[in-house]
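Q: Yeah, the sequence shown ends on 344 if you go by the working numbering, and it's all consecutive.
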Amino acid sequence: MNTYDLIIIGGGAAGLSSAIYAGRSLLKTLVIEKFSFGGRVKDTPKIINYPGFKEISGRDLINEFRKQAESFPTNEFAFGTVKEIEKTEDGFVLRTLRRKEYTAKALIIATGTYAKILNVPGETEFAGRGVSYCSTCDADYFKDKDIHILGSGDLALEEADYLSNFANSINMIIIHEEGKFDGNQLEVERILKNPKISYTWHSKLEGINGDERVNSLDILDLSDKTKTRVTSDGIFIFAGMSPNSNFVKGLVDLDDLGFIKTDEAMRTSVEGIFAAGDIRNKVLRQIVTAANDGAVATVYAERYIRKRGVL
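Following this line, the structure appears as structure tokens:
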């Protein structure tokens, strides 16, 4: 069995920030990641709000995080899906889907979020065949196509701006009345000047249709309740995020949406388990706040370990 002082579950901005602080504290640390290190940050085309960088791609920024985290000899990195966490007298035992076991004196959960599935008719059927949740992953497939975007927040606005470099035209389906967005004003002003982007206001996506690929959408006008079928080569859905917290249900306290409840020291309801980044219930989910959470979580995890006299 592999034994560590600290195990960080999740290798995004929060997890890698945690690892940097763990390395500085000389904690024997394992960062375990389910898919690929970098989380959602690596799929962000352009970042203009991270201090120290006027503009940088998400992939370049998170690569700097990872290089710094990997520079500490006490840090180890592994791929795996944690399916079970058992609290013991000495700490915690983690078990993965591939039947690996790890033990740790403290845990930091930094598993982030994933794109919310709306369960609109046709959404699951056409996923990967005209329905997408990631512009940097799939933009090339929509070159010179006429597409739609669902959403009106910062993510939807940023992705619309990026996708306009590929698509012939973009129509944004927005639930609010004309002129209202949920994103920051700078992004709003940017896309309003983009000649490739148009808007369907006060409307809701009701269905996604097609044969081999998406070819049309059903849109409900919320003002007069009329439904219209419009042609489309595809749709990007940016309608919010859901937490990757299923594996800790019943272990730590979650809010009604499934986000992990913590205090300002990132402590969860279980002593020795901390949470950081977008997985926790908080008012702002940004790279800079995730990095902050990771630092705080590790500082308090180290204090917890030392207080128990097991370091």
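Even glycine gets a Cβ: it sits at the ideal position worked out from N, Cα and C.
Determine the closest residue to Ala143 out of Gly72, Lys176 and Phe125, with distance taken between C-alpha atoms.
A: For the purposes of this step, residue 143 is taken as residue 110 along the sequence shown, with counting starting at 1. If we check each option's Cα against that of Ala143, Gly72 comes out closest.
Q: In angstroms with no decimal places, state the Cα-to-Cα distance between Asp93 and Ser236.
A: The count along the sequence shown starts at 1 and reaches residue 93 at position 60. The count along the sequence shown starts at 1 and reaches residue 236 at position 203. About 36 Å.
Q: I need the DSSP call for Ala137, collapsed to helix, strand or coil.
A: Within the sequence shown, numbered from 1, the residue matching residue 137 stands at position 104. Reduced to three states, the DSSP call for Ala137 is strand.
Q: So Ile270 and Leu183 are supposed to be a Cβ contact under 8 Å. How far apart are they, rounded?
A: For the purposes of this step, residue 270 is taken as the residue at position 237 of the sequence shown. For the purposes of this step, residue 183 is taken as the residue at position 150 of the sequence shown. Going by Cβ atoms, the distance from Ile270 to Leu183 rounds to 5 Å, so yes, they are a contact pair.
Q: So Gly91 packs on Asp76, CB below 8 Å; how close in whole Å?
A: Start at 1 with the first residue of the sequence shown, and residue 91 comes out as number 58. Start at 1 with the first residue of the sequence shown, and residue 76 comes out as number 43. With a Cβ gap of about 6 Å, Gly91 and Asp76 count as contacting.
Q: Among Asp179, Asp257, Ile206 and Tyr232, whose alpha-carbon lies nearest the alpha-carbon of Ser265?
A: Within the sequence shown, residue 265 is the residue found at index 232, counting from 1. Asp179 is the residue among Asp179, Asp257, Ile206 and Tyr232 whose C-alpha sits nearest the C-alpha of Ser265.
Q: DSSP on Tyr37, reduced to helix/strand/coil?
A: Looking up residue 37 in the sequence shown gives position 4. Looking at Tyr37 - three-state DSSP - the assignment turns out to be strand.
Q: Let's test the definition: count the other Cβ atoms within 10 Å of the Cβ of Leu317 and tell me whether it reaches 16, buried, or not, exposed.
A: Translated into positions along the sequence shown, residue 317 becomes position 284. So Leu317 counts as exposed.
Q: Just mark Ser51 as buried or exposed, buried being the case when its beta carbon has 16 or more other beta carbons within 10 Å.
A: Taking the first residue of the sequence shown as 1, we reach residue 51 at position 18. Counting Cβ neighbours within 10 Å, Ser51 comes out buried, since at least 16 surround it.
Q: What residue range does the alpha helix (DSSP H) around Val153 cover?
A: Mapped onto the sequence shown, residue 153 falls at position 120. Annotation for Val153: no alpha helix (DSSP H) segment contains it, and DSSP assigns it neither H nor E.
Q: Taking the straight line between their C-alpha atoms, what separation do you get for Thr65 and Ile203?
A: The sequence position of residue 65 within the sequence shown is 32, counting from 1. The sequence position of residue 203 within the sequence shown is 170, counting from 1. Rather than Thr, the amino acid found at residue 65 in this sequence is Ile. Here the alpha carbon of Ile65 sits roughly 38 Å from the alpha carbon of Ile203.
Q: Take Glu220 as the anchor and find which of Glu191, Ser231 and Glu211 has the nearest alpha-carbon.
A: Here residue 220 refers to the residue found at position 187 when the sequence shown is read from its first residue. The candidate whose alpha carbon is nearest that of Glu220 is Glu191.
Q: Among Leu255, Gly243, Gly291 and Ala328, whose alpha-carbon lies nearest the alpha-carbon of Glu156?
A: By one-based count along the sequence shown, residue 156 stands at place 123. Per the Cα distances, Gly243.
Q: Ala272 lies in the beta strand (DSSP E); which residues open and close that run?
A: In the sequence shown, residue 272 corresponds to position 239, counting from 1. Careful: Ala272 lies outside any beta strand (DSSP E) and carries neither H nor E.
Q: Go ahead and label Arg99 buried or exposed: buried means 16 or more other beta carbons lie within 10 angstroms of its beta carbon, across all protein chains shown.
A: Indexing the sequence shown from 1 puts residue 99 at position 66. By the neighbour-count rule (16 or more Cβ atoms within 10 Å), Arg99 is buried.
Q: Checking 9 Å against the spacing of the C-beta atoms, do Arg128 and Glu117 come in under that value?
A: Here the question's residue 128 lines up with position 95 in the sequence shown. Here the question's residue 117 lines up with position 84 in the sequence shown. For Arg128 and Glu117, yes; Cβs fall inside 9 Å.
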